[in-house]
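Undergrad: Residue numbers (the working numbering): 1338 to 1662.
Please see the structure below; I have some questions.
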């Protein structure tokens, strides 16, 4: 049995056996950070508390000791002793989890009493890490105590938190609703061209934006998650195809509720003075071929010139029967 373990047993037994002032003194010693390091596996944690660039040292400067955050019962401390004596532990020790309310309970002097106040404290930053599309995150997502704090936002953005005690190497994940209705799709640089298309008056995306439509009005949450996975993996974003039924669901006000109505709307369409209905090009010859709206009508890029018709017709003039037959 190692000398340090014998010391631990001796101290704890002394607390139990010795009465009066001696017991009180031993118990007070047990509350000191130096006592924690009696177990050698606690050495790095004590060192980070005594001197480091980590959050633990910032707490030490404010006279916050180990047991003010780590509040085990006597039973838990005995259990920890047994585990230590048996060597039934991993190195490093499993990280303990704390909720925001635990942190806010102590940070009142600095106005860290609510997440809203934290947002205000960092409002002057060019990119406010506490007010983002990720919503309200747990403090410990980024802020660590006995190791470098992790700049979670740096996974997609430039580093926000820089300087000693911070790293852009992120080990954890955030369990939040990434796809809230008010999320900002433009936080991903790969979406910039799509955002720009909403401001380009020559594109149909702009026409939809003018009607007050937003991204998630057309792109369902499941589809956005799929796009996000493509972007994270570095794969190109695949253009989505929408069936005409999807379009008709919204276009009631414009009488785009079924294909026959669309045909009627373009019955007098002409190209170079030649009448040709792009939605019923073979009128009178056969039943109209119902092309999907997205075959020609693009949202975020220029729509092709009647692409389906242009294969056989050049500028509205039929070239040759042999093209198809």
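Cβ coordinates follow ideal geometry from the N, Cα and C atoms, glycine included.
Note that the structure is predicted; figures quoted are calculated from it, not measured.
CB-CB under 8 Å to residue 1393, same chain, minus the five flanking residues each way: which ones, in chain order?
TA: Position 56 of the chain shown, counting from 1, holds the residue named residue 1393. Around residue 1393: 1382, 1385, 1386, 1482, 1483.
Undergrad: Taking the alpha helix (DSSP H) that residue 1586 belongs to, which residues open and close that run?
TA: If you number the chain shown from 1, residue 1586 lands on position 249. Here the alpha helix (DSSP H) through residue 1586 covers 1581-1587.
Undergrad: Does the Cβ-Cβ distance between residue 1402 and residue 1370 come in under 8 Å?
TA: For the purposes of this step, residue 1402 is taken as the residue at position 65 of the chain shown. For the purposes of this step, residue 1370 is taken as the residue at position 33 of the chain shown. In contact: residue 1402 and residue 1370 (Cβ atoms closer than 8 Å).
Undergrad: State the start and end residues of the unbroken alpha helix (DSSP H) segment that holds residue 1597.
TA: Indexing the chain shown from 1 puts residue 1597 at position 260. Here the alpha helix (DSSP H) through residue 1597 covers 1596-1602.
Undergrad: Between which two residues does the alpha helix (DSSP H) containing residue 1492 stretch?
TA: Within the chain shown, numbered from 1, the residue matching residue 1492 stands at position 155. Careful: residue 1492 lies outside any alpha helix (DSSP H) and carries neither H nor E.
Undergrad: Checking 8 Å against the spacing of the C-beta atoms, do residue 1641 and residue 1630 come in under that value?
TA: For the purposes of this step, residue 1641 is taken as the residue at position 304 of the chain shown. For the purposes of this step, residue 1630 is taken as the residue at position 293 of the chain shown. Taking 8 Å as the Cβ cut-off, residue 1641 and residue 1630 do not qualify as a contacting pair.
Undergrad: Whole alpha helix (DSSP H) runs in the segment 1431-1479 with 4 or more residues, listed along the chain?
TA: If we require 4 residues or more, the alpha helix (DSSP H) runs fully inside the segment 1431-1479 come out as 1437-1441, 1452-1458.
Undergrad: On the three-state DSSP scale, how would you describe residue 1611?
TA: In the chain shown, residue 1611 corresponds to position 274, counting from 1. Three-state DSSP puts residue 1611 in a strand.
Undergrad: Which one or two residues does DSSP pair with residue 1530 in a beta bridge?
TA: Position 193 of the chain shown, counted from the start, is the residue given in the question as residue 1530. In DSSP, residue 1530 forms no bridge with anything.
Undergrad: Determine the burial state of residue 1496: buried for a count of at least 16 other Cβ atoms within 10 Å of its Cβ, exposed for fewer.
TA: Start at 1 with the first residue of the chain shown, and residue 1496 comes out as number 159. Under this definition residue 1496 is an exposed residue.
Undergrad: Measure from the alpha carbon of residue 1396 to the alpha carbon of each residue in 1555, 1425, 1443, then state which is nearest.
TA: Position 59 of the chain shown, counting from 1, holds the residue named residue 1396. Comparing Cα positions, the closest option is 1443.
Undergrad: Residue 1581: which of 1567, 1466, 1572, 1597 sits nearest, CA to CA?
TA: By 1-based counting over the chain shown, the position of residue 1581 is 244. Minimum Cα distance to residue 1581 is reached at 1597.
Undergrad: Could you tell me which of 1468, 1471, 1407, 1477 sits nearest to residue 1436, measuring between CA atoms?
TA: If you number the chain shown from 1, residue 1436 lands on position 99. Considering only alpha carbons, the answer is 1477.
Undergrad: On a Cα-Cα basis, can you pick out the residue from 1539, 1610, 1603 that is closest to residue 1638?
TA: Against the chain shown, residue 1638 aligns to sequence position 301. Of the listed residues, the one whose Cα sits closest to residue 1638 is 1539.
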